[in-house]
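Notes follow once the structure below has been shown.
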Amino acid sequence: MDERAGRPYITRREFLTRTAAGVVVVGGLPAILAACTGAANTPEPSSGGSAAGGGSSAALRVGWSSEPDTMNPLTSYSTEAQEVLQLVYDKLMEYDAQLAAQPSLAESSTTSDDGRTVTYTLRSGVTWHDGEPFTADDVDFTFNLIHDENLSQYAQWLADMISAEAQGPDTVVVTFKKPQAFDPALAIPILPKHIWAGMKSAEIQKFANDEPVGTGPFTFGSWERGQTVTVNRNPDFWGTPAGPGSVIWVLFQNEDVMAQSVRTAEVDILSEVPPTIWDGINGADQVKAVSLPGFSFHHIGFNVSEDPASGGNPLLLDPVVRQALSYSLDRNQLVQIALAGHGQPGSVLLPPAMADYQLQIPEDQQFNANPDMGNQILDQAGYAAGSDGVRESSSGDPLQFRLIAIESTTVDVRAAQIFRDSAAKVGIKLDLETMDENTLGSIVYNADAPDWDIFVWGWDSGVNDPDYLLGVPLSSQIGGNNDVYYAEPNYDALYDEQAAELDHDARVDLVHEAQQMFYDSAAYIVMWYQDKLQAYRTDTWTGWSDTPGGVIFNFTRANYVNVHPV
Amino acid sequence: MRLGPFPRKVLQLVATLFAVVVFNFLLFRVLPGDPIQLYARSGHLSAEQAEQLRAVFGLDKPVVEQFWIYLKGLMHGDLGFSLTYRQPVSQIIVQRLMNTLLLLGAATVVVVVVGIVLGARSASKRGSRLDSSTVVGSLALWSMPTFWVGLLLVFVFGVWLDILPISGITTPGAVYGTPLWSFVDVSKHLVLPTITLALVDIGQFVLITRSSLVDVLTEDFVTTARAKGVPRKRVVWRHGMRNAMLPVVTASALYIGLVVGGAIQVETVFSWPGMGELTYESVLRRDYAVLEACFLLFAVTVIVANFLSDLLYRRLDPRVRAA
Numbered sequence: 000m001d002e003r004a005g006r007p008y009i010t011r012r013e014f015l016t017r018t019a020a021g022v023v024v025v026g027g028l029p030a031i032l033a034a035c036t037g038a039a040n041t042p043e044p045s046s047g048g049s050a051a052g053g054g055s056s057a058a059l060r061v062g063w064s065s066e067p068d069t070m071n072p073l074t075s076y077s078t079e080a081q082e083v084l085q086l087v088y089d090k091l092m093e094y095d096a097q098l099a100a101q102p103s104l105a106e107s108s109t110t111s112d113d114g115r116t117v118t119y120t121l122r123s124g125v126t127w128h129d130g131e132p133f134t135a136d137d138v139d140f141t142f143n144l145i146h147d148e149n150l151s152q153y154a155q156w157l158a159d160m161i162s163a164e165a166q167g168p169d170t171v172v173v174t175f176k177k178p179q180a181f182d183p184a185l186a187i188p189i190l191p192k193h194i195w196a197g198m199k200s201a202e203i204q205k206f207a208n209d210e211p212v213g214t215g216p217f218t219f220g221s222w223e224r225g226q227t228v229t230v231n232r233n234p235d236f237w238g239t240p241a242g243p244g245s246v247i248w249v250l251f252q253n254e255d256v257m258a259q260s261v262r263t264a265e266v267d268i269l270s271e272v273p274p275t276i277w278d279g280i281n282g283a284d285q286v287k288a289v290s291l292p293g294f295s296f297h298h299i300g301f302n303v304s305e306d307p308a309s310g311g312n313p314l315l316l317d318p319v320v321r322q323a324l325s326y327s328l329d330r331n332q333l334v335q336i337a338l339a340g341h342g343q344p345g346s347v348l349l350p351p352a353m354a355d356y357q358l359q360i361p362e363d364q365q366f367n368a369n370p371d372m373g374n375q376i377l378d379q380a381g382y383a384a385g386s387d388g389v390r391e392s393s394s395g396d397p398l399q400f401r402l403i404a405i406e407s408t409t410v411d412v413r414a415a416q417i418f419r420d421s422a423a424k425v426g427i428k429l430d431l432e433t434m435d436e437n438t439l440g441s442i443v444y445n446a447d448a449p450d451w452d453i454f455v456w457g458w459d460s461g462v463n464d465p466d467y468l469l470g471v472p473l474s475s476q477i478g479g480n481n482d483v484y485y486a487e488p489n490y491d492a493l494y495d496e497q498a499a500e501l502d503h504d505a506r507v508d509l510v511h512e513a514q515q516m517f518y519d520s521a522a523y524i525v526m527w528y529q530d531k532l533q534a535y536r537t538d539t540w541t542g543w544s545d546t547p548g549g550v551i552f553n554f555t556r557a558n559y560v561n562v563h564p565v
Numbered sequence: 000m001r002l003g004p005f006p007r008k009v010l011q012l013v014a015t016l017f018a019v020v021v022f023n024f025l026l027f028r029v030l031p032g033d034p035i036q037l038y039a040r041s042g043h044l045s046a047e048q049a050e051q052l053r054a055v056f057g058l059d060k061p062v063v064e065q066f067w068i069y070l071k072g073l074m075h076g077d078l079g080f081s082l083t084y085r086q087p088v089s090q091i092i093v094q095r096l097m098n099t100l101l102l103l104g105a106a107t108v109v110v111v112v113v114g115i116v117l118g119a120r121s122a123s124k125r126g127s128r129l130d131s132s133t134v135v136g137s138l139a140l141w142s143m144p145t146f147w148v149g150l151l152l153v154f155v156f157g158v159w160l161d162i163l164p165i166s167g168i169t170t171p172g173a174v175y176g177t178p179l180w181s182f183v184d185v186s187k188h189l190v191l192p193t194i195t196l197a198l199v200d201i202g203q204f205v206l207i208t209r210s211s212l213v214d215v216l217t218e219d220f221v222t223t224a225r226a227k228g229v230p231r232k233r234v235v236w237r238h239g240m241r242n243a244m245l246p247v248v249t250a251s252a253l254y255i256g257l258v259v260g261g262a263i264q265v266e267t268v269f270s271w272p273g274m275g276e277l278t279y280e281s282v283l284r285r286d287y288a289v290l291e292a293c294f295l296l297f298a299v300t301v302i303v304a305n306f307l308s309d310l311l312y313r314r315l316d317p318r319v320r321a322a
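Note that the protein sequences, when read in sequence, are chains F and W. Per numbering that gives the first Met the number 0, the first sequence starts with residue 0, numbered consecutively. Per numbering that gives the first Met the number 0, the second sequence starts with residue 0, numbered consecutively.
Pasting the structure below:
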């Protein structure tokens with residue numbers, strides 16, 4: 000895997016679909032609950048939140064709706080585990096509350112003129128939570144372990160690495176095959192060599208790491224499975240000590256009950272709030288609900304595989320057919336219906352939280368909400384309407400396709416129904432079938448013989464960088480993330496160029512160009528970018544920063560560290 | 000050699016259990032989607048890594064061999080290794096089981112005892128206003144969806160009145176001065192889920208007890224007892240109830256099995272860290288080992304409960320013994 004593009008990428012897709020599932024499931028009663036609660040009495044501070052708001056030993060309580068998988072950062076794939084472990088383990092660099100890169104375990108870094116060698120100067124006097132000193136050997140060990148054993152989600156960021164070498168106790172030199180626009184130091188947690196050395200790859204796969212030892216602002220406390228995860232402030236932290244004496248993540252199996260728990264002050268902040276409940280929560284006493292631009296989107300994907308083994312309908316290989324389908328669909332309507340308005344209409348691969356990396360396509364140049372235009376281009380291309388109103392190709396094959404969606408992701412099913420009705424307006428017939436996520440995944444990702452036409456799903460960026468989402472449609476990702484089997488050498492080349500471009504403005508131009516190219520292909524219909532909806536109490540903790548992408552469950556841990564009791 | 004009724008029952012029990020183990024094992028392997036793929040599919044793992052993982056967890060071996068390994072482990076009390084939590088399954092399950100037993104124990108006592116008392120009162124005053132309102136009330140409660148009742152209670156007692164905690168088994172982060180406070184805290188958390196289970200499930204016991212007792216109370220020996228001047232209460236409880244117990248015992252045995260389904264909903268609404276919640280999470284994660292253990296436990300519960308009710312029948316009713 001020399002190609003950067005060949006890397007397996009981390010995805011937060013699972014998290015994403017679960018979030019979305021809450022949207023419509025909550026239909027009747029909870030909406031009433033949320034509405035009624037406006038009249039409820041002011042909740043007293045929770046009885047046993049013994050510590051909350053009571054000085055420096057106070058506990059910050061976070062509500063979440065799913066548990067971590069494991070505390071082993073080299074085998075974990077859950078967003079929840081990452082959220083906990085980012086407080087226990089440090090990286091060489093960290094994002095601050097504005098998502099700007101800041102030095103962490105590395106005090107500084109310098110990049111060589113050719114951009115291929117990065118020298119990190121490490122902070123001195125740092126100790127692991129078990130008292131052992133932290134040295135350059137630990138960094139050397141972590142980078143090489145991940146790279147050599149191709150371990151974990153982090154291996155993707157080191158695919159181009161040639162070597163990582165400790166030079167003295169506080170210097171590490173990392174050499175890559177080509178310049179890295181995204182600094183892997185922002186992603187990789189540094190592990191203690193004295194604990195992890197000596198384990199074979201297979202042993203690491205089975206290692207539960209029940210007591211993670213890091214250098215971070217919090218030490219690991221406990222994980223009561225099915226209930227809570229607790230971390231405690233690290234008094235010996237090298238930086239500014241964290242505000243909360245501890246952080247407790249509390250598991251809720253029901254999102255409606257979870258949404259109410261911030262009102263009753265059983266928790267201080269919620270990782271997610273269903274859109275239909277958000278308005279009710281927003282009006283509650285001492286609670287602030289926030290709606291922040293997100294790093295994710297939901298999309299419709301077309302099977303554009305040219306592999307003879309593909310079972311996809313070959314009529315979809317004609318971009319005109321895909322563009323006509325895209326024209327038929329009204330993204331604004333989708334946002335209003337599926338997200339209760341809490342999102343932006345979709346267009347390109349990168350969501351709004353990517354700031355200037357996102358390409359803005361003028362509305363009159365988008366394939367959006369214009370069925371007349373869809374009919375026009377289909378007429379021009381010679382797809383005439385058949386006797387039953389469904390258009391046919393010149394050889395008489397009807398424009399009729401299979402459409403699949405995940406049944407538990409209610410917003411996707413709703414979107415698929417709307418899409419089916421829209422497509423009829425341009426004379427294209429879609430047959431909708433729903434299934435569970437696992438099944439849909441195995442159908443879509445069956446790279447040997449992808450036997451499907453159109454699906455509905457979503458993506459969430461694993462990093463605060465265009466690299467991840469832009470990398471999805473690479474030809475080298477076929478069998479990996481590439482869920483539509485798009486293969487365009489010019490796109491691949493453009494991607495490689497931006498990934499090695501260290502000048503920001505130059506990279507933005509390349510990233511825009513790549514987005515336009517993929518947009519024009521219409522292999523995806525990006526339906527919407529959903530907002531990140533969260534809520535926190537204003538009477539227990541203060542100092543929250545409304546960071547794009549989320550107050551918590553974001554690429555930064557800053558909010559956990561910076562808040563302090565009211 | 001002819002086996003006596005007891006050894007025959009035990010043999011049946013063992014055969015049923017084995018069938019459950021086999022079925023259980025196969026069930027999760029014919030379902031679409033495999034756990035390694037669940038990781039690999041979303042692009043985290045290369046094919047090579049997926050194979051490696053498969054080998055580590057023994058999923059690369061033929062199914063028959065996997066079953067043999069599973070069976071051998073089971074005999075030693077080894078329920079397997081969780082792919083999600085990277086822990087032995089038995090370690091994960093014990094605490095969950097305790098929590099579920101706590102919840103179900105409390106609920107079952109309330110449901111059975113209160114159900115029988117209400118049913119008996121209703122039967123002994125058959126046709127009265129009390130009787131008809133009890134029947135209507137039972138039917139109404141019985142037809143309510145469990146999670147809906149739960150959410151309603153959350154809203155009324157948790158949010159509106161704000162007198163009871165709405166989720167979990169303890170208050171997160173609470174530090175207890177004495178074990179007594181820990182007990183009080185758990186009890187408080189137990190109130191709403193128990194009431195939910197009781198409200199929804201009590202109806203069936205009321206109705207079964209009532210109809211069974213109404214039948215018995217019309218029989219000749221009851222009339223005789225009345226004629227002898229035996230007090231009404233004594234007639235109902237000593238003479239009537241003893242003979243009306245069989246359907247109630249059956250219902251209780253079935254309830255223990257059925258309640259698992261109800262408990263999944265209640266545990267989900269109240270985030271009670273029990274077996275139901277574990278099962279639900281494990282289905283989503285295709286964690287074979289945990290699922291097998293959960294389903295095995297559920298099946299064993301039902302089978303053993305039925306076995307015990309069989310034995311209890313024989314004690315309660317000489318006619319069964321003779322048959």
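All C-beta atoms in this analysis are idealised placements derived from N, C-alpha and C, irrespective of residue type, glycine included.
- Assignment of isoleucine 477(F) by DSSP, reduced to helix, strand and coil, places it in the strand class.
- For arginine 224(F), the C-beta contacts it makes with chain W under 9 Å involve Tyr84, Gln86, Ile91, Gln94, Arg95, Pro272 and Leu277, in order along the chain.
- Rounded to whole angstroms, the gap between the alpha carbons of valine 88(W) and alanine 288(W) is 7 Å.
- Under the 8 Å Cβ criterion, the stretch 503-512 of chain F does not count as touching the stretch 254-272 of chain F, having fewer than three qualifying pairs.
- For the stretch 350-369 of chain F, the set of residues with a beta-carbon nearer than 7 Å to any beta-carbon of chain W is empty.
- About 7 Å separates the beta carbons of serine 475(F) and aspartate 491(F), which is inside the 8 Å limit, making them a contact pair.
- DSSP links lysine 90(F) through a beta bridge to Pro188(F).
- In terms of CA proximity to leucine 253(W), Asn305(W) leads the group Glu291(W), Thr267(W), Asn305(W) and Leu296(W).
- Bounds of any beta strand (DSSP E) do not take in valine 135(W); it lies within the alpha helix (DSSP H) bounded by 128-141.
- Of the residues Leu102(W), Ser132(W) and Ser210(W), the one whose Cα lies closest to the Cα of leucine 191(W) is Leu102(W).
- Taking CB atoms only, glutamate 291(W) has no neighbour in chain F less than 8 Å away.
- Taking 8 Å as the upper bound for CB-CB distance, phenylalanine 146(W) and glutamine 264(W) are in contact here, some 5 Å apart.
- For leucine 59(F) and serine 245(F), the gap between their C-alpha atoms comes out near 6 Å.
- An exposed status is given to leucine 70(W), since fewer than 16 other beta-carbon atoms sit within 10 Å of its beta-carbon.
- Residues of chain W with a Cβ closer than 7 Å to the Cβ of isoleucine 247(F) are, in chain order, Pro171 and Gly172.
- The beta-bridge partner set that DSSP reports for threonine 541(F) consists of His563(F).
- Excluding five sequence positions before and after glutamate 496(F), the CB atoms of its chain that fall closer than 7 Å to its own CB belong to Leu509, given in chain order.
- With a beta-carbon spacing of about 5 Å, alanine 522(F) and phenylalanine 301(F) fall inside the 8 Å limit used to define contacts.
- Proline 6(W) sits in a helix when the DSSP states are folded into three classes.
- Contiguous beta strand (DSSP E) elements confined to the stretch 371-443 of chain F occur at 399-405 and 428-434, taking only those with 3 or more residues.
- Across the stretch 252-278 of chain F, CB contacts with chain W closer than 7 Å involve Gln252, Asn253, Asp255, Val256, Gln259, Ser260, Arg262, Thr263 and Glu265, in sequence order along the chain.
- For valine 565(F), the closest of Gly342(F), Gly548(F), Leu377(F) and Gly242(F) by C-alpha to C-alpha distance is Gly242(F).
- Just measuring C-alpha positions, the residue of Arg330(F), Lys199(F), Ile405(F) and Leu121(F) sitting nearest leucine 150(F) is Lys199(F).
- In the three-state DSSP reduction, arginine 95(W) falls in the helix class (H, G or I).
- In the three-state scheme derived from DSSP, where H, G and I count as helix and E and B as strand, serine 108(F) is classed as strand.
- Contact between alanine 415(F) and alanine 422(F) does not hold, since their C-beta atoms are separated by about 10 Å, which reaches or exceeds 8 Å.
- Between the C-alpha atoms of threonine 116(F) and valine 125(F) there is a straight-line separation of about 25 Å.
- Using a Cβ-Cβ cut-off of 7 Å, leucine 250(F) is close to Ser270 of chain W, given in chain order.
- For the stretch 47-75 of chain W, the set of residues with a beta-carbon nearer than 9 Å to any beta-carbon of chain F comprises Glu47, Gln48, Gln51, Leu52, Ala54, Val55 and Phe56, in chain order.
- If you compare the alpha carbons of Leu96(W), Leu307(W) and Asp214(W) with that of threonine 278(W), the shortest gap goes to Leu96(W).
- Looking at Glu131(F), Met160(F), Thr134(F) and Asp129(F), the one whose alpha-carbon comes closest to that of asparagine 143(F) is Met160(F).
- Per DSSP, the continuous alpha helix (DSSP H) segment holding valine 319(F) begins and ends at 318-327.
- If you check the CB distance, alanine 534(F) and lysine 287(F) come in under 8 Å.
- The C-beta of isoleucine 165(W) comes closer than 8 Å to at least one C-beta of chain F.
- When 7 Å is used as the limit between beta carbons, isoleucine 168(W) is near these residues of chain F: Gln226, in chain order.
- In the DSSP assignment, histidine 297(F) falls within the beta strand (DSSP E) that extends over 295-301.
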